[in-house]
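A.B. asks: Got a structure for you, questions after.
Residue numbers (full-length UniProt numbering): 1 to 284.
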């Protein structure tokens, strides 16, 4: 099993730092991938995901560039393919295409003119069309053609698991404790077998505050994500690097092969250094 430990770049908030510099720092710290979220609007300043990853691509040479996750249904499939294909070409095929149906911010869908109730069907249709569009096949014929990036399906619903079994190289969960991830991984393998596809890998988003306040992090998760305090304890980590490495090891034991660590706190650079120390404890 190849373990990939990635980190989310700071692309949202009232004071967004230099994304290119953040990506460069993450690569120098040894992380395997960098990730960005995707929203049209969610009540706070936020950069467009493809543009942010393009800045990261220009500043790095090795790390993979992950959408975590792209709300594919907000975009016309051809335009989405053009954006993804251009990023794939410019980055030397380093894109990881995380895809989710979204829905947490209904105002986005109204602004984009896309019915919220159609987001699942539109996502499936776009996922089916993307490989051909990226290869320059069919109409419109897009160029330059590029290899389709690996697709990671985000979401914790049964529909998300079925979507991952049908389209995904991986399934990316969030706010899910290790024991639940292990059970979902077994279900995912069974669904993939039914679809006559290889079992997707399992990934997890983990919100961290290495060296920070557990109380502050719990408050953020409750207010921002609507998580219960009991769930906070299971999925969020507010400890030093040794304890963080130990907790992440439980995810690895549950079958997780991809981490997307989201640093919580104002000093992103300090967080990255602490997370990098934890990463070294895991991978050596």
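Even glycine gets a Cβ: it sits at the ideal position worked out from N, Cα and C.
1) With residue 33 as the anchor, note down where its beta strand (DSSP E) starts and where it stops.
2) What's the call for residue 15, buried or exposed, on a 16-neighbour Cβ count within 10 Å?
3) Are residue 5 and residue 259 closer than 8 Å when you measure CB to CB?
4) Assess, as a yes-or-no matter, whether the stretch 121 to 129 is touched by the stretch 176 to 186 under the definition of 3 or more beta carbon pairs within less than 8 Å.
5) If I follow the unbroken alpha helix (DSSP H) through residue 167, where does it start and stop?
6) Just to confirm the assignment, what range does the alpha helix (DSSP H) spanning residue 281 have?
7) Assign residue 107 to buried or exposed, taking buried as 16 or more other Cβ atoms, counted over all protein chains shown, within 10 Å of its Cβ.
8) Residue 16 by DSSP, collapsed to three states: which one?
9) In angstroms with no decimal places, state the Cα-to-Cα distance between residue 79 and residue 274.
10) Alpha carbon to alpha carbon, what distance is there between residue 137 and residue 94?
11) Excluding the five sequence neighbours on either side, which residues of its own chain have a C-beta within less than 6 Å of the C-beta of residue 29, listed in chain order?
12) Which residue or residues does DSSP assign as beta-bridge partners of residue 46?
13) If we count the other Cβ atoms within 10 Å of its Cβ and call it buried at 16 or more, is residue 85 buried or exposed?
14) By DSSP, does residue 186 sit in helix, in strand, or in coil?
15) Taking Cβ positions, are residue 200 and residue 240 nearer each other than 8 Å?
16) What separation, rounded to the nearest whole angstrom, lies between the Cα atoms of residue 111 and residue 243?
17) According to DSSP, what are the bridge partners of residue 98?
18) Can you tell which of 48, 131, 156 and 187 has its C-alpha closest to the C-alpha of residue 167?
19) Along the chain, where does the alpha helix (DSSP H) containing residue 126 start, and where does it finish?
20) Look at the alpha carbon of residue 18 and the alpha carbon of residue 196, and state the distance between them as a whole number of angstroms.
21) To which residues of the same chain is residue 209 closer than 6 Å at the C-beta, ignoring the five residues directly before and after it?
22) How about residue 120 and residue 172: are their beta carbons less than 8 Å apart?
23) Which residues mark the beginning and the end of the alpha helix (DSSP H) in which residue 85 is found?
24) Taking the alpha carbon of residue 151 as the reference point, which residue from 141, 142, 158 and 163 has its own alpha carbon closest?
25) Strictly by DSSP, which residues pair up with residue 70?
26) How is the alpha helix (DSSP H) around residue 252 delimited, first residue to last?
27) I'd like the list of long-range same chain contacts for residue 118, defined as Cβ closer than 8 Å, with 5 residues on each side in sequence excluded.
C.D. replies: Let me lay it out:
1) For residue 33, the uninterrupted beta strand (DSSP E) run begins and ends at 33 to 36, by DSSP.
2) Classification for residue 15: exposed.
3) Against a cut-off of 8 Å, the Cβ pair of residue 259 and residue 5 comes out as a contact.
4) These segments do not touch.
5) Run containing residue 167: 158 to 167, per the alpha helix (DSSP H) assignment.
6) Its alpha helix (DSSP H) spans residues 268 to 283.
7) The residue in question, residue 107, is exposed, as its Cβ has fewer than 16 Cβ neighbours within 10 Å.
8) If DSSP states are grouped into helix, strand and coil, residue 16 belongs with coil.
9) Near 38 Å, if we compare the C-alpha coordinates of residue 274 and residue 79.
10) Between residue 94 and residue 137, the alpha-carbon positions lie close to 21 Å from each other.
11) Result list for residue 29: 272 and 276, in chain order.
12) Residue 46 pairs with 12.
13) It is buried - the Cβ of residue 85 has at least 16 other Cβ atoms within 10 Å.
14) Secondary structure at residue 186: helix, using DSSP grouped into helix, strand and coil.
15) Result no, Cβ atoms of residue 200 and residue 240 do not sit closer than 8 Å.
16) Whole-angstrom Cα-Cα distance: 43 Å.
17) Under the DSSP definition of a beta bridge, residue 98 partners with 152.
18) Of the listed residues, the one whose Cα sits closest to residue 167 is 131.
19) Note, residue 126: alpha helix (DSSP H), 119 to 134.
20) Cα-Cα distance, rounded: 44 Å.
21) Here the set comprises 217, 238, 264 and 265.
22) Result no, Cβ atoms of residue 120 and residue 172 do not sit closer than 8 Å.
23) In the DSSP assignment, residue 85 falls within the unbroken alpha helix (DSSP H) covering 77 to 91.
24) Comparing Cα positions, the closest option is 163.
25) Beta-bridge analysis with DSSP links residue 70 to 99.
26) Element bounds for residue 252: 241 to 253.
27) Excluding positions up to five away in sequence, the list reads 73.
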